[in-house]
Ligand code: DI6
Ligand code: FE
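In the working numbering, the protein residues as written are 127 to 513.
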């Protein structure tokens, strides 16, 4: 998956040398340096090895679920009826506030385990279902704890600007809750990146700008949920702040794609939300290709718009729903997903990178995107250890 290596950069009869948690060497077995000839070896018996997968956009820390709401809608309830019954994002906020740190962790570990079982080594996890200082911090602490209890890397994003709490004035919420929560979370070392939901139903460009200015002052990189349901300038905002990624972007146009290219921002495509919400507007894949914008794919695992717990299924959806090639889908869950998280040492199999890889029972890499609900993982190696 190295850049410029062509589609997959596939090496037939390859060898990987690990040194503790790092890759020391990778290449054709015939070229193995003599210094490694007597090293302890493990034969993978002709299987495909890829970088371990990276899910670069999730909300796996949250209380409760919204299955009843799903059921109500399919029994004919209107959006208003669901909202009156306490549904929607507010119900997840209530559940997340009411759930103890231990119980939030238990549920999040179960979700992380499902991803790990598919060869995932790195998961991005957002806050955003607390919407008060205490619960935003609680969510991020739980996210950090996942990495202590499982062999997985966690990158955290502060998403206080996800929604305004019921009845709150959005501007007052940004200034008196979201920004103080961000500062407090940063002071505890809980924040790797700062995210926001820039949308008609959430926050507008001036509101997100205030959050991004604080992120910049704290030295934190930004990313943004942009142009998911309408085009209100989120992608251009993300580009102005040299965001690591702009996510969703179904309603982005060619000028937005050009702006992402100029700012070296990754486009994170989230087919699970597109599918769940029955969207028809697809992200501008042709324009993203034309301008050379790296495209990542992620589950967006959340209880409302994307209860999707499979990154392999996400790759299939990226191909089937958005027209990505299987090579783009694999780059989207390895090299480009790493870039979306600002991780320079992941997502490719090359010397100096983390020795995190996945070994698959497949003949060709396209099989990873082709199967629907099929998990061909043979084993996962994390930090040089089989896990
Ligand atoms: N985009 C979405 O689709 C979700 N959040 C976001 O920023 C919705 C989250 C939810 O409904 O719980
Ligand atoms: Fe999301």
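We put the CB at the ideal spot given by N, CA and C, even for glycine.
Remember, it's a predicted structure, so these values are computed and weren't measured experimentally.
> Under the rule that 16 or more other beta-carbon atoms within 10 Å means buried, what is residue 226, buried or exposed?
Replying inline: By the neighbour-count rule (16 or more Cβ atoms within 10 Å), residue 226 is not buried but exposed.
> Just reading off the alpha helix (DSSP H) that residue 87 is part of, what are its end residues?
Replying inline: With the chain covering 127 to 513 only, the question about residue 87 has no answer from this structure.
> Based on the DSSP output, what are the partners of residue 432 in its beta bridges?
Replying inline: DSSP lists 428 as the beta-bridge partner residues of residue 432.
> Over what stretch of residues does the alpha helix (DSSP H) that includes residue 398 continue unbroken?
Replying inline: 397-402
>> Comparing C-alpha positions only, which one of 177, 333, 134 sits nearest to residue 503?
In response: Ranking 177, 333, 134 by Cα distance to residue 503 puts 177 first.
> From what residue to what residue does the beta strand (DSSP E) around residue 153 run?
Replying inline: 148-154
> What residue from 357, 349, 266 has the CA that sits closest to residue 314's CA?
Replying inline: 266
> By how many angstroms is the C-alpha of residue 360 removed from the C-alpha of residue 331?
Replying inline: For the pair residue 331 and residue 360, the Cα-to-Cα distance works out to about 6 Å.
> Near the ligand DI6, which residues have their beta-carbon closer than 6 Å to a heavy atom?
Replying inline: 215, 218, 288, 323, 351, 354, 399, 428, 429, 430, 431
> Quick one: is residue 430 buried, meaning 16 or more other Cβ sit within 10 Å of its Cβ, or exposed?
Replying inline: buried
> Taking contact to mean at least 3 C-beta pairs separated by less than 8 Å, is the region 171-188 in contact with the region 241-255?
Replying inline: yes
>> So, under 8 Å CB-CB, residue 463 and residue 449 are touching, yes? Tell me the CB distance rounded to an integer number of Å.
In response: About 19 Å; that fails the 8 Å criterion.
> DSSP beta-bridge partners for residue 181?
Replying inline: Note: residue 181 sits in a beta bridge opposite 249.
> Could you give the C-beta distance for residue 351 and residue 384, rounded to a whole number, given that I count them as a contact under 8 Å?
Replying inline: Actually they do not touch by this definition, with Cβ atoms about 20 Å apart.
>> I want to know whether the region 255-265 touches the region 452-463 - three or more CB-CB distances under 8 Å.
In response: The way I'd put it, the region 255-265 doesn't touch the region 452-463; fewer than three beta-carbon pairs between them come closer than 8 Å.
>> With a threshold of 7 Å (Cβ to nearest heavy atom), would residue 295 be considered close to the ligand FE?
In response: no
>> Going by DSSP in three states, residue 127 sits in which element: helix, strand or coil?
In response: Reduced to three states, the DSSP call for residue 127 is coil.
> So what does residue 373 bridge to, in DSSP terms?
Replying inline: 351, 394
> Relative to the alpha-carbon of residue 371, which residue among 378, 308, 382, 348 has its alpha-carbon at the smallest distance?
Replying inline: 348
> Residue range of the alpha helix (DSSP H) that residue 229 falls in?
Replying inline: 227-242
>> Would the region 233-240 count as touching the region 270-279 if we require 3 or more Cβ pairs under 8 Å?
In response: yes
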